[in-house]
Ligand SMILES: [Fe+2]
Ligand SMILES: [Fe+2]
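In our numbering, the protein residues as written are 166 to 559.
Encoded structure:
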């Protein structure tokens, strides 16, 4: 199958994956197997659905990489949090349904640990769900994904705990799921702002960490409450909120290892999720990765967490259509961690959607073709990110 931007869909294409309604995560808008008609394509564009999977024979590698079970778990997580947010938004005192959250987190964690192929769904995360619900569920998924792949680091960072407790990340999943719950108490115009926006420096924005902590701490563990309070702390000590001041120690934000490792993980995935979908527009993963490594964020994040995330989220998603620097179109069928900008691709014959378009048997491992690079993803020019060389492993 192929992952196509909705603007590139053509009548007659067949959906390979169901499409969820972007404003109602529990509603399936179109089921897999549906053949696209003009009215369907128009409606998908009107609703702001950014990408869809379509059937395209000859791409077994892509089909094998798509983990439908994790996608289903992610959907259940959306539903769990959406139910809570609906109740919270009525501004009534509700008890958080921790049992429901824990169950959803545990299901996802089990699948993440058992299944190594996650890269294909990260793009889907960015493109479904209402803004805050989607962000919270995505951060929970990404936090669990990162946590599951850095157990040695977790043990060292939580060395006062027995190893099995130090490695247990279910409270990380719950804390990430609730980290911005304080935003529900903010003015509407600030709710969808993030650390990418200039309003992030405003006291009215920054207070969401205290508001969320005050709202939730009686219903969640100390560890999860700590994530809600400290997910905007920065590794270099330039974050917020300042801890309580005392005579011997004036008020100042936390820094380095003073910040709980779970809060350090959520700080990174929070930024990454916003970078994947700035202003509601989904961008190629390579753009978000370059953003995470840009000067704006220098010193903000634990470098071990950043490297773990970037190992797990390839710059070019399997299944996406890319344009090579020689003008040919191809599908990404495999990634190589040591050369993130040089995936293996399979060439396409003709433009996708045109009569006679299909894959060719010709594969290119771009590690072996130093004179060919990727110029565009889904029609978006990415040459400046590829050529910068800043995405190579450090
Ligand atoms: Fe936040
Ligand atoms: Fe956030």
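All C-beta atoms, glycine included, are put in the ideal place defined by N, C-alpha and C.
Using C-beta distances below 6 Å, list every residue in its chain close to residue 192, excluding the 5 sequence neighbours before and after it, in chain order. Around residue 192: 186.
Could you tell me the alpha carbon to alpha carbon distance between residue 168 and residue 421, rounded to whole angstroms? Rounded to whole angstroms, residue 168 to residue 421 spans 39 Å at the Cα level.
By the DSSP assignment, the alpha helix (DSSP H) with residue 209 in it spans what residues? DSSP places residue 209 in the uninterrupted alpha helix (DSSP H) bounded by 203-212.
Rounded C-alpha distance that separates residue 552 from residue 503: Their backbone Cα atoms lie some 16 Å apart in a straight line.
7 Å Cβ cutoff met for residue 513 and residue 540: Not closer than 7 Å, so no.
Whole-angstrom Cβ separation of residue 392 and residue 381, contact assumed at under 8 Å? Residue 392 to residue 381, Cβ: 10 Å. No contact.
When the distance is taken between beta carbons, is residue 344 closer than 7 Å to residue 487? Not a contact, by the Cβ cut-off of 7 Å.
Can you check DSSP and say which residues form a bridge with residue 499? Paired residues: 509.
Would you mind stating whether residue 346 and residue 312 have Cβ atoms separated by less than 7 Å? Remark: C-beta atoms of residue 346 and residue 312 do not approach each other more closely than 7 Å.
Alpha-carbon spacing of residue 304 relative to residue 529, whole angstroms: Using only the alpha carbons, I get a separation of about 34 Å.
Contact between the segment 166-183 and the segment 193-208 is defined here as three or more beta-carbon pairs at a separation below 8 Å; is this criterion met? Touching, per the Cβ criterion.
Could you tell me if the beta carbon of residue 345 falls within a distance shorter than 6 Å of some heavy atom in ligand 2? Taking 6 Å as the cut-off, the C-beta of residue 345 counts as close to a heavy atom of ligand 2.
Check whether the Cβ of residue 366 sits closer than 6 Å to any heavy atom of ligand 2, and report yes or no. No, ligand 2 has no heavy atom inside 6 Å of this Cβ.
Just to check my reading of the structure: residue 508 and residue 499 have Cβ atoms closer than 8 Å, yes? What is that Cβ distance to the nearest angstrom? About 6 Å separates the two Cβ atoms, so the contact holds.
Return the CA-CA distance between residue 560 and residue 416, expressed in angstroms with no decimal places. In the structure as shown, the chain starts at 166 and stops at 559, and residue 560 therefore has no counterpart that could be examined.
Return yes when at least one heavy atom of ligand 2 lies under 6 Å from the C-beta of residue 520, else no. Residue 520: no, Cβ never under 6 Å from ligand 2.
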